[in-house]
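If you want our numbering, it's the position in the sequence shown, counting the first as 1, plus 22. One structure below.
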Amino acid sequence: MRALQDRGWQAEGVDLNPGAVQLVRELGAHVLEGTVEDAELPPESFDAVICWHMLEQVWHPAPFLKVLRRLVRCDALLFVQVPDFDQLPAYESRGRAAHLLSRVHANFFNAATLTRLLDRNGWLTRSIFFDTSNGFLTAVAQPS
Numbered sequence: 023m024r025a026l027q028d029r030g031w032q033a034e035g036v037d038l039n040p041g042a043v044q045l046v047r048e049l050g051a052h053v054l055e056g057t058v059e060d061a062e063l064p065p066e067s068f069d070a071v072i073c074w075h076m077l078e079q080v081w082h083p084a085p086f087l088k089v090l091r092r093l094v095r096c097d098a099l100l101f102v103q104v105p106d107f108d109q110l111p112a113y114e115s116r117g118r119a120a121h122l123l124s125r126v127h128a129n130f131f132n133a134a135t136l137t138r139l140l141d142r143n144g145w146l147t148r149s150i151f152f153d154t155s156n157g158f159l160t161a162v163a164q165p166s
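See below:
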């Protein structure tokens with residue numbers, strides 16, 4: 023968030039973790055403690071939403087994405103990054119399978135399932151790519 027603020031964006035965050043919220047506030051950023059669904063944010067008030075390594079931890083990602091859709095303007099962008107479950111063998115070979123299969127992950131995505139989830143819940147996936155250096159998928163979507 024700080025990097026966005028340093029570049030002139032008005033950045034806001036929402037996090038369930040009280041420790042993370044406190045740390046971010048100490049760094050001077052505006053962050054709410056709780057969930058996006060409970061945050062009482064005004065509709066159509068955001069130009070961009072970044073979901074970096076969190077969508078795989080959301081128990082019900084479809085309703086979550088619909089809430090995000092309500093919060094963004096019609097020309098907004100959604101950026102999502104998640105571990106690519108198709109890369110499980112690569113995670114295993116690097117000794118990182120336990121991270122991918124962690125109990126905090128409620129969902130597992132590959133390019134097809136992430137695209138389908140976004141496209142069925144108020145978004146149109148514009149691009150999706152795989153980063154070979156870390157095993158992550160990054161998607162960019164716009165409101166549909």
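All C-beta atoms in this analysis are idealised placements derived from N, C-alpha and C, irrespective of residue type, glycine included. On a predicted model such as this, the values are computed, not experimentally measured, just so you know.
Can you grab the Cα-Cα spacing for the pair residue i / residue j, in whole Å?
| i | j | result |
| --- | --- | --- |
| Leu146 | Leu140 | 7 Å |
| Pro111 | Val162 | 25 Å |
| Gly117 | Ser155 | 15 Å |
| Asp106 | Leu136 | 9 Å |
| Ile150 | Asp69 | 19 Å |
| Gly157 | Gln109 | 6 Å |
| Cys73 | Glu34 | 12 Å |
| Ser124 | Trp81 | 14 Å |
Tell me whether residue i is buried or exposed, calling it buried when 16 or more other Cβ atoms sit within 10 Å of its Cβ.
| i | result |
| --- | --- |
| Pro40 | exposed |
| Ala98 | buried |
| Gln103 | buried |
| Pro85 | exposed |
| Val126 | exposed |
Bridge partners for residue i per DSSP, in chain order?
| i | result |
| --- | --- |
| Thr147 | Ala163 |
Whose C-beta lies closer than 6 Å to the C-beta of residue i among residues of the same chain, with five residues either side of it excluded?
| i | result |
| --- | --- |
| Gly56 | none |
Problem set entry | Cβ contact (3+ pairs, closer than 8 Å) linking the region 68-81 and the region 120-134 | With a cut-off of 8 Å on Cβ pairs, the region 68-81 is in contact with the region 120-134, counting three or more such pairs.
Exercise. Are at least three pairs of beta-carbons, each pair with one atom in the region 52-65 and one in the region 88-103, less than 8 Å apart?
Worked result: yes
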